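Here's the structure we're looking at; comments come further down.
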Amino acid sequence: MDNRNASEEKPVQRSKSFSFKTPSETCAACQKTVYPMERLVANNLIFHTVCFCCKHCNAKLSLGTYAALQGEFYCKPHYQQLFKSKGNYDEGFGRKQHKELWASKDAESITKTA
């Protein structure tokens, strides 16, 4: 009996768990697919290297030249400038001051207890 015929009858089974496809990642700035060669991760967000820019001046940032505040990215000079312009992080970056938020919460609690 010839053993070659017996081995030809069995189909080769391949593992279905192995795949060359990687999970698709999208850029936090442009929402397009990010490929491994153009991938940059900052504050657990994924960007294209060209999309990682300062919110204020739109200059290209790198991992060594950015500062982040509440999910927004700035170049270090503008981060410092915006802080210095008002003397706090809230007003300098266009948000209400925390003391105003506290005052509104205090007013709400007074009206609820009265």
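Per the UniProt record's numbering, residue 1 is the first one in the sequence shown, and the count goes up by one each step.
Idealized CB from N, CA, C, for every residue including glycine.
These numbers were taken from a predicted model, which means no experiment stands behind them.
What's the C-alpha gap between Val41 and Gln81?
-> 25 Å
State buried or exposed for Cys75, treating a residue as buried only when at least 16 other CB atoms are found within 10 Å of its CB.
-> buried
Return helix, strand or coil for Leu82, following the three-state DSSP convention.
-> helix
Can you give the beta carbon distance from Lys55 to Phe73, rounded, assuming they're within the 8 Å contact cut?
-> 6 Å
How would you call Cys27, buried or exposed, if buried means at least 16 neighbouring beta carbons within 10 angstroms?
-> buried
Are Ala29 and Cys51 closer than 8 Å when you measure CB to CB?
-> yes
What is the residue span of the beta strand (DSSP E) that Lys56 lies within?
-> Sequence inspection shows His at residue 56; the Lys mentioned does not correspond to that position. Segment: none, His56 is in no beta strand (DSSP E) and carries neither H nor E.
Leaving out five residues on either side along the sequence, give the residues of the same chain with a beta carbon under 6 Å from the beta carbon of Tyr66.
-> Phe73
Contacting residues, own chain, Cβ-Cβ under 8 Å from Val34 (five flanking each side not counted) = Glu25, Thr26, Cys27, Ile46, Phe47, His48
Name the two residues that bound the continuous beta strand (DSSP E) containing Ala68.
-> 66-69
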